[in-house]
Each structure stands twice: as C-alpha cells, then as structure tokens.
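K.L.:
Number of protein chains: 2
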Amino acid sequence: MANPAHIELRHLRLLQAVTEAGGLTAAAERLHLTQSAVSHQLKALEDALGLPLVERAARPLGLTAAGRRLLALAHSALPQVDAALRDLAKLKDGDAGELRIAVECHTCYDWLMPAMDAYRDVWPGVELDLLGGFQADPIGLLLDQQADLVITSDPAPRAGIVYAPLFGFEMLALLPPDHALTAKKWLQPADFAAHTLITYPVPEDRLDLVRRVLAPAGVKPPRREAQLTVAILQLVASRRGLAALPAWAVAPYLERGYVAARPIGKHGLWAELHVAVRAGDAARAFVADFIDTVKRDSFARLPGIRPLAGSG
Amino acid sequence: MANPAHIELRHLRLLQAVTEAGGLTAAAERLHLTQSAVSHQLKALEDALGLPLVERAARPLGLTAAGRRLLALAHSALPQVDAALRDLAKLKDGDAGELRIAVECHTCYDWLMPAMDAYRDVWPGVELDLLGGFQADPIGLLLDQQADLVITSDPAPRAGIVYAPLFGFEMLALLPPDHALTAKKWLQPADFAAHTLITYPVPEDRLDLVRRVLAPAGVKPPRREAQLTVAILQLVASRRGLAALPAWAVAPYLERGYVAARPIGKHGLWAELHVAVRAGDAARAFVADFIDTVKRDSFARLPGIRPLAGSG
DNA sequence: GTTAGCCATGAGAAATGTTCATGTAATTGA
DNA sequence: TCAATTACATGAACATTTCTCATGGCTAAC
Numbered sequence: 000m001a002n003p004a005h006i007e008l009r010h011l012r013l014l015q016a017v018t019e020a021g022g023l024t025a026a027a028e029r030l031h032l033t034q035s036a037v038s039h040q041l042k043a044l045e046d047a048l049g050l051p052l053v054e055r056a057a058r059p060l061g062l063t064a065a066g067r068r069l070l071a072l073a074h075s076a077l078p079q080v081d082a083a084l085r086d087l088a089k090l091k092d093g094d095a096g097e098l099r100i101a102v103e104c105h106t107c108y109d110w111l112m113p114a115m116d117a118y119r120d121v122w123p124g125v126e127l128d129l130l131g132g133f134q135a136d137p138i139g140l141l142l143d144q145q146a147d148l149v150i151t152s153d154p155a156p157r158a159g160i161v162y163a164p165l166f167g168f169e170m171l172a173l174l175p176p177d178h179a180l181t182a183k184k185w186l187q188p189a190d191f192a193a194h195t196l197i198t199y200p201v202p203e204d205r206l207d208l209v210r211r212v213l214a215p216a217g218v219k220p221p222r223r224e225a226q227l228t229v230a231i232l233q234l235v236a237s238r239r240g241l242a243a244l245p246a247w248a249v250a251p252y253l254e255r256g257y258v259a260a261r262p263i264g265k266h267g268l269w270a271e272l273h274v275a276v277r278a279g280d281a282a283r284a285f286v287a288d289f290i291d292t293v294k295r296d297s298f299a300r301l302p303g304i305r306p307l308a309g310s311g
Numbered sequence: 000m001a002n003p004a005h006i007e008l009r010h011l012r013l014l015q016a017v018t019e020a021g022g023l024t025a026a027a028e029r030l031h032l033t034q035s036a037v038s039h040q041l042k043a044l045e046d047a048l049g050l051p052l053v054e055r056a057a058r059p060l061g062l063t064a065a066g067r068r069l070l071a072l073a074h075s076a077l078p079q080v081d082a083a084l085r086d087l088a089k090l091k092d093g094d095a096g097e098l099r100i101a102v103e104c105h106t107c108y109d110w111l112m113p114a115m116d117a118y119r120d121v122w123p124g125v126e127l128d129l130l131g132g133f134q135a136d137p138i139g140l141l142l143d144q145q146a147d148l149v150i151t152s153d154p155a156p157r158a159g160i161v162y163a164p165l166f167g168f169e170m171l172a173l174l175p176p177d178h179a180l181t182a183k184k185w186l187q188p189a190d191f192a193a194h195t196l197i198t199y200p201v202p203e204d205r206l207d208l209v210r211r212v213l214a215p216a217g218v219k220p221p222r223r224e225a226q227l228t229v230a231i232l233q234l235v236a237s238r239r240g241l242a243a244l245p246a247w248a249v250a251p252y253l254e255r256g257y258v259a260a261r262p263i264g265k266h267g268l269w270a271e272l273h274v275a276v277r278a279g280d281a282a283r284a285f286v287a288d289f290i291d292t293v294k295r296d297s298f299a300r301l302p303g304i305r306p307l308a309g310s311g
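First to last, the protein sequences are chains V and Y. Numbering that gives the first Met the number 0 applies: residue 0 is where the first sequence begins, and numbers increase by one. Numbering that gives the first Met the number 0 applies: residue 0 is where the second sequence begins, and numbers increase by one.
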C-alpha cells in the first residue's frame, strides 16, 4: 500500500555519472556498463518514483527539479559512504604505509599533485614520496623495492606487477594561433614534415606521436627538446615548431588563445595511463584507495579524458 | 584490482534492522524477509568488506567496531534518503492536504501524539485533525467523508476501504505488585473469575480479553469502567480489580513497580493495529508517508510490539 | 539525404537475492 | 544434566533483477 520506493546507492551513482558525463552513453562508459543498461536502469528509477529525472530533449542532458533533488542527495550521501568504506579499510589493513611514486610522464605532475593533496587528507598516516627525474625503466624500480607505485602509459605484462587503468587521454597537436594549418580540422602526418617537433627530452620511442603516427608514415621531422611544458608552449607560440601534448595540459593555454590545437588524425591520437604496483601491494587498502582517489580526482578535474576498459 | 566495495542502501537498512531488533530473526520479521535471507545477506556483506560486522557469540547480538562504523553511516545516510524521497513525493503530489484522524483505541493517543508531531515537522502543509470521542463505527466516518484516516484493530474488508498493517502488540494483565497471582508466569481465564475487571467504557465485544479469552472459557467477571489509563492503573494498584492494557501503555508504570503485569495465556494475548483509508487516498504521498511515519515512530519508541505480515 | 551519434526497447542471458529444508550451537527449564 | 526451545548457518532450488545483445527511431551535421 505505501510506496515501496526501492531506491539504492546504485541509482545515486547512476544519476551522478549521467550528469557528470553529460549523457547516458558517456555515463555508461564510466560505470563500465552498456548504454542499454543505463537507459533501462534510469527508466526503472523514474518509473519507481513516478517522476522524470532528466530532460531527454536537451543536449547535454538536463535534469528536472526531481533530478536535481536526487542529485543533491547523491552529492551528500555518496561521499559519506566513501568515507565509511575508507574507515573500514583502515580498520582492516591499518592506516599507515609508505608510497614512493615514480611518474613516467612529464605532464602528469599537473594533476598528480592535487590528487596527492586530496589523498593526504584522508590517509594522513601514509608517507607519500614522489621520485624525481626521468626514469628509463620505472617498473624496474618497483621490483627493486625502490618505488611502490608507478604511473605509466605502457602496461607491459611483467611478473609480479599488476596494472590498473587510469584513463585515456588525447594528444593534441599544438600550433601557433594564426598558423596556416589551423584551417584544417585535424592534422595528417605530412603536416608535420616541414616543421620542427618540440618535445620533452626523452628517447624518440617514448613519443607516441613519433612512434605511432610519424614513423609509420615515414615522416621524420627535426626535433628540439625543452624541459618544461611552458617552455614548449612558448616555442610553439613563437613559431619555432609544432608540439604534441595531452589535452588537459594545454587546456588553460587554449582558452587564452596562446596557442591553437588540433586533433592528430581523424579520430585523434589517444594514449592511456595506468598505475603499476607490485602484485602483493594491490590489495592493500591505502594503495587501492590511492588509485581510486587519483582516478576520481582526474575525472572530476581533467577535460577530455575517457574511461578505459578493465577493472575499476 | 581495486576493491569493488559493492555496498548498497539495502545493506545499511539490514544492519540497522539487525541492531534495532537485536538479532537476525527479529530483523528478518521487520524487513519481511526470512531469517535465511538476512543471514545470507549479512554474510555476503561481511565477505565483501572482508570484516565481521556482528559478534555472533553474544546475545543480544553485539556489533564489532566495523559494524558500529557502518551503523553510524546508516544513521546518517538513511534519514537523508528518506528526506529526499519525501521531497520527491511533494514534488509529485503537492505538499498540502487534510488528514482527519479517528482512533478506535483509547491508549493509542500515547504514541499517536508524538508521531503526529514528527509528521508535522516534515509535512507542515498538511492540516492534521484528531477526531475526539469514542466512535461506534469509525470506518463509516471514512466513507461519509467525515474522517480521512482511521486507526483500528479490526481490518474488516469493506468496499472502498484499504488497510495497512501497523504492528502487533501484547495485552498484559495488570495486577497489584504484591498480588498472589504474581507467582504465576502467566494467567489463565480462571484467574480472572474472582476479580473485578477494570476497563475503558466500551462495549464488551470490543474488549479483546473478554471476547477472545474470558467469554470462550465461560468466565464472566464483574466490570468496572474508567475513562483514563491512569485511573485504571490506580484502581488496579489499590486492589479494586484486574485490568488488561497494551504492553507499551503500562511499561513506565511497571518500571516504577506501581503495578505488576503478566501475559494472558502461555503465548500471551496479542492484538493488532491497522490503518484504514479510502482506497482513493492510499496512494497520495502525504497519506502514505503518514502511515510510514507512524509505523517507524512506533517501532522506534514502543516496547514489545512486533511486525505484522502484509504490505509495508 | 546520407552519415553519425545518441537514446529507447524487447528478448534472452547472467547475476543476484530469496526461500526451503535442514543442520548446529547456545540457552532455558524441568 | 537432559530434553525442549530458540537462534543462526548453509546448500540447493527457485525467483527476481539486472545486464547485454541486437535493433530501431530520432536528431543534428555534413
């Protein structure tokens, strides 16, 4: 007789994912479900409540008043649940540990620092260290017990190492704002032939642009190296050459019109980031939650990233 | 790789029911599940978390530290969910209405008043009226549109009326604290024969003790009537006779030793309370939530009541 | 006027939750 | 101390829910 109101946390997570992702399809990717499942589930929830939650007309999808009220509940309840689960994890595994982190990619510091700050708030007992300098073989550091966690774009299987996917991101070609190539919607390998390629000081086989796009096409432009992201941007802006950087790293400069950016190839050049840890550490609560925190933080903050298949 | 942590509101409701009911079996009754389902589900939750939540050794069941942390989450999250659902109901049906309530049972005012206060807090737009005086046929008031909601112990099917079960409660026999019958663990019909029976001023066929216990046994003690619960208690305490009242109504007097109480029959004399509304009103949000509120409030406050089969 | 991209839908498959029928341990009462 | 009672656990069968697959319709963009 009374309303069953069969609402579950699943529904709140769904609604949150839908609004954050801006659509059912994108939400489905984030939740590692099919679009169909998300559509079915949302409809079931709306039917159970007897109220529509999202405006299907608008794009990006908008919420109804009822949807906004439920989203408010999600925003207040889900963090409480996360906090409780963290406390339970601490109860189970202890709340102290050490996490020496090696990072393969130069631009990763941009988002890693804030994520580490967020993590420190909830795991004050964990000693965080960031290993400096470029590492030729960061996975080796894991096995040598010199690092405990590595962020890498190449999850090559190795004994005793397990990987967790973080996210996929797009490498954008950078060019001066008024460059002739800005007329194109996206760039081809040949477009790079006549320009200097400005990169971080790493071996050529670590550059996705060279390895996956230019080399296969037989294009081999001259290279110039720079240590810092801003230095690369400055060189591009002053017409010394082209560069390719992750979308999130250049977003603020694009907004200000300092440089222009174009996709590389029709579907863009997409790369991935993964976390590697020793197999024995993967289940430890403070390690698992670091990975969770980084991932959540990234999706909340970084523009133009997308979920990867696989666990998590 | 990371912990799935498949926790749902269902689990929180379960844990709350288990602690409030003080055991798995009692919790199962409240949730309208079998004891087996509760046991399975609790075990699944503990396995998922990798932590025990309840101490199975102790009786009544105790919580582990992990269980207490999760219960704290339940206490904080579940009311938020309820509040959100109420807001959605208001969005759907409107937040105003009128609720004229007729009550069949004298002692019901004890718990109905606080429940109404709680309800008023969340539905300030609903006009609450309590119809005074004894009603011979309260269901008739519903059909005549003179009342909107009736609390009754007799859910006799009638066209256009739907019932929702509230709870079952035990009628206890009251006797002076030092009376000879206090030596018995429970009373038989014959025990009433030599005493005056003190009751509210209602027809004999409305007294469960007479109709279901004494009359079938051929026992017909003299009666004396009193208007107020305290008056009945005073008469019993001063040895003018015996009485039978709901357990919850006399609990405070029992604690103080003002009167003694014994079950009536080996398994006690159990009665039920139901809510009746017109069929068309049952789905209205402010009506359904009144019933929910009353039920929740009752289980939180009243000692010695038990859930009934049926919806809700 | 195609071509994509996005959401909806129905049917079947998979996963999850519930009950039933017992078993076992702890507690109560002669 | 030995039934009798009460409460929780467990495995298998059953029921329900949730997910995926395979489509179809709709809209916006070349």
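Built from N, CA and C at the ideal position, the CB exists for glycine as well. Since the structure is predicted, the reported quantities are computational estimates derived from the model, not experimental observations.
Distance check for residue 199/V and residue 174/V, CA to CA, integer angstroms please.
P.N.:
Locating residue 174/V in the first sequence gives position 175, counting from the first residue. Locating residue 199/V in the first sequence gives position 200, counting from the first residue. Going from the Cα of residue 174/V to the Cα of residue 199/V covers about 16 Å.
K.L.:
Return the CA-CA distance between residue 279/V and residue 163/V, expressed in angstroms with no decimal places.
P.N.:
Numbered from its first residue, the first sequence carries residue 279/V at position 280. Numbered from its first residue, the first sequence carries residue 163/V at position 164. Whole-angstrom Cα-Cα distance: 14 Å.
K.L.:
Cβ of residue 283/Y less than 7 Å from any chain V Cβ?
P.N.:
For the purposes of this step, residue 283/Y is taken as residue 284 along the second sequence, with counting starting at 1. It does not; no Cβ of chain V falls within 7 Å.
K.L.:
Is there at least one Cβ from chain Y nearer than 7 Å to residue 139/V's Cβ?
P.N.:
On the first sequence, residue 139/V is found 140 positions in, with the first residue counted as 1. It does not: the Cβ of residue 139/V has no partner Cβ on chain Y nearer than 7 Å.
K.L.:
Beta carbons nearer than 8 Å to chain Y: which residues of the region 62 to 79 of chain V have them?
P.N.:
Within the region 62 to 79 of chain V, the qualifying residues are 64, 65, 68, 69, 71, 72, 75, 76 and 79.
K.L.:
With 7 Å as the threshold, decide whether the Cβ of residue 49/V is near any Cβ in chain Y.
P.N.:
For the purposes of this step, residue 49/V is identified with residue 50 of the first sequence, where counting begins at 1. With 7 Å as the cut-off, residue 49/V counts as an interface residue toward chain Y.
K.L.:
Who are the neighbours of residue 6/V on chain Y, taking C-beta pairs under 9 Å?
P.N.:
For the purposes of this step, residue 6/V is identified with residue 7 of the first sequence, where counting begins at 1. The contacting residues are 8, 80, 83 and 84.
K.L.:
I want to see whether chain V comes within less than 7 Å of residue 87/Y, judged by CB atoms only; does it?
P.N.:
Stepping through the second sequence from its first residue, residue 87/Y is reached at position 88. It does: the Cβ of residue 87/Y has a partner Cβ on chain V nearer than 7 Å.
K.L.:
Between residue 22/Y and residue 286/V, what straight-line distance do the alpha-carbon atoms span, to the nearest angstrom?
P.N.:
For the purposes of this step, residue 22/Y is taken as the residue at position 23 of the second sequence. For the purposes of this step, residue 286/V is taken as the residue at position 287 of the first sequence. Looking at the two C-alpha atoms, the distance is approximately 36 Å.
K.L.:
Am I right that residue 103/Y and residue 151/Y are in contact with their C-beta atoms under 8 Å? What's the rounded C-beta distance?
P.N.:
As a first step, residue 103/Y is located in the second sequence; it is residue number 104 there, counting from the start. As a first step, residue 151/Y is located in the second sequence; it is residue number 152 there, counting from the start. The pair is a contact, with the Cβ atoms about 5 Å apart (cut-off 8 Å).
K.L.:
So which residues on chain Y does residue 42/V lean against when the C-beta distance must stay under 8 Å?
P.N.:
As a working mapping, residue 42/V is identified with position 43 in the first sequence. Neighbours of residue 42/V on chain Y: none; closest Cβ ~16 Å, over 8 Å.
K.L.:
Which residues bound the beta strand (DSSP E) around residue 262/Y?
P.N.:
The residue you call residue 262/Y lines up with position 263 of the second sequence. Where residue 262/Y is concerned, the enclosing beta strand (DSSP E) stretches over 259 to 262.
K.L.:
Do residue 196/Y and residue 220/Y have their CB atoms nearer than 7 Å?
P.N.:
If you number the second sequence from 1, residue 196/Y lands on position 197. If you number the second sequence from 1, residue 220/Y lands on position 221. For residue 196/Y and residue 220/Y, yes; Cβs fall inside 7 Å.
K.L.:
If we count Cβ pairs, one from each stretch, closer than 8 Å, do we get three or more for the region 255 to 264 of chain Y versus the region 173 to 190 of chain Y?
P.N.:
Yes: at least three Cβ pairs fall under 8 Å.
K.L.:
Counting only beta-carbon separations shorter than 7 Å, does residue 241/V have a partner in chain Y?
P.N.:
Within the first sequence, the letter at position 242 stands for residue 241/V. It does not; no Cβ of chain Y falls within 7 Å.
K.L.:
If you draw a straight line from the alpha carbon of residue 1/Y to that of residue 60/Y, how long is it in whole angstroms?
P.N.:
To locate residue 1/Y, count along the second sequence from 1; it is residue 2. To locate residue 60/Y, count along the second sequence from 1; it is residue 61. Confidence is the limiting factor: at residue 1/Y the pLDDT is only 38, short of 50, which leaves the residue's position unreliable and the question unanswerable from this model.
K.L.:
Indicate whether residue 252/Y and residue 227/Y have their beta-carbon atoms separated by less than 7 Å.
P.N.:
By 1-based counting over the second sequence, the position of residue 252/Y is 253. By 1-based counting over the second sequence, the position of residue 227/Y is 228. The answer is no: Cβ separation not under 7 Å.
K.L.:
Which residue spans inside the region 1 to 50 of chain Y form an unbroken alpha helix (DSSP H) run of at least 4?
P.N.:
Correct list: 8 to 20, 23 to 30 and 34 to 48.
K.L.:
Determine the direct distance from the alpha carbon of residue 265/V to that of residue 193/V, and round the result to whole angstroms.
P.N.:
Locating residue 193/V in the first sequence gives position 194, where the first residue counts as 1. Locating residue 265/V in the first sequence gives position 266, where the first residue counts as 1. Taking the straight line joining both Cα atoms gives about 20 Å.
K.L.:
Taking 7 Å as the CB-CB limit, is residue 183/Y close to chain V?
P.N.:
The residue given as residue 183/Y occupies position 184 in the second sequence. No, residue 183/Y lies away from the interface with chain V (no Cβ there is under 7 Å from its Cβ).
K.L.:
Span of the beta strand (DSSP E) holding residue 102/Y?
P.N.:
As a position in the second sequence, residue 102/Y is number 103, starting the count at 1. Note, residue 102/Y: beta strand (DSSP E), 96 to 102.
K.L.:
If you scan the region 237 to 287 of chain Y from start to end, which runs of the alpha helix (DSSP H) of 4 or more residues do you find wholly inside it?
P.N.:
Runs of the alpha helix (DSSP H) inside the region 237 to 287 of chain Y: 246 to 254.
K.L.:
CB residue 277/Y to CB residue 130/Y, shorter than 7 Å?
P.N.:
The residue given as residue 277/Y occupies position 278 in the second sequence. The residue given as residue 130/Y occupies position 131 in the second sequence. No. Outside cutoff.
K.L.:
Tell me residue 305/V's beta-bridge partners as DSSP assigns them.
P.N.:
In the first sequence, residue 305/V corresponds to position 306, counting from 1. Partner(s): 167/V.
K.L.:
Please state if the CB of residue 8/Y and the CB of residue 70/Y are separated by a distance shorter than 7 Å.
P.N.:
Residue numbering aside, residue 70/Y sits at position 71 when the second sequence is read from its first letter. Residue numbering aside, residue 8/Y sits at position 9 when the second sequence is read from its first letter. No, the Cβ-Cβ distance between residue 70/Y and residue 8/Y is not below 7 Å.
K.L.:
Along chain V, which residues have their Cβ under 8 Å away from the Cβ of residue 90/Y?
P.N.:
Counting from one through the second sequence, the residue named residue 90/Y turns up at place 91. What residue 90/Y touches in chain V: 50, 64, 65 and 68.
K.L.:
Within its chain, find whatever has a CB closer than 6 Å to the CB of residue 208/Y; leave out the 5 residues flanking it on each side and keep chain order.
P.N.:
The sequence position of residue 208/Y within the second sequence is 209, counting from 1. Hits under 6 Å: 243.
K.L.:
Let's test the definition: count the other Cβ atoms within 10 Å of the Cβ of residue 35/Y and tell me whether it reaches 16, buried, or not, exposed.
P.N.:
Within the second sequence, the letter at position 36 stands for residue 35/Y. The residue is exposed, with fewer than 16 neighbouring Cβ atoms inside 10 Å.
K.L.:
What number of angstroms, rounded off, separates the C-alpha of residue 218/Y from the C-alpha of residue 191/Y?
P.N.:
Within the second sequence, the letter at position 219 stands for residue 218/Y. Within the second sequence, the letter at position 192 stands for residue 191/Y. Going from the Cα of residue 218/Y to the Cα of residue 191/Y covers about 8 Å.
K.L.:
With a cut-off of 8 Å, do at least 3 Cβ pairs link the region 52 to 68 of chain Y to the region 80 to 87 of chain V?
P.N.:
They touch, by the three-pair rule.
K.L.:
Considering only their Cβ atoms, is the gap separating residue 11/Y from residue 111/Y smaller than 7 Å?
P.N.:
Here residue 111/Y refers to the residue found at position 112 when the second sequence is read from its first residue. Here residue 11/Y refers to the residue found at position 12 when the second sequence is read from its first residue. Their beta carbons are not under 7 Å apart, which means residue 111/Y does not touch residue 11/Y by this criterion.
K.L.:
Should residue 19/Y be labelled buried (16 or more other beta-carbon atoms within 10 Å of its own) or exposed?
P.N.:
The residue labelled residue 19/Y in the question sits at position 20 within the second sequence. Residue 19/Y should be labelled exposed.
K.L.:
If you check the beta carbons only, do residue 170/V and residue 248/V fall under 7 Å apart?
P.N.:
Along the first sequence, read from residue 1 onward, the residue named residue 170/V stands at position 171. Along the first sequence, read from residue 1 onward, the residue named residue 248/V stands at position 249. No.
K.L.:
Along the chain, where does the beta strand (DSSP E) containing residue 128/Y start, and where does it finish?
P.N.:
By 1-based counting over the second sequence, the position of residue 128/Y is 129. It spans 125 to 130 - the beta strand (DSSP E) in which residue 128/Y sits, taken as one unbroken run.
K.L.:
Taking its Cβ as the centre, do 16 or more other Cβ atoms sit within 10 Å of residue 24/Y, making it buried, or is it exposed?
P.N.:
The count along the second sequence starts at 1 and reaches residue 24/Y at position 25. It counts as exposed.
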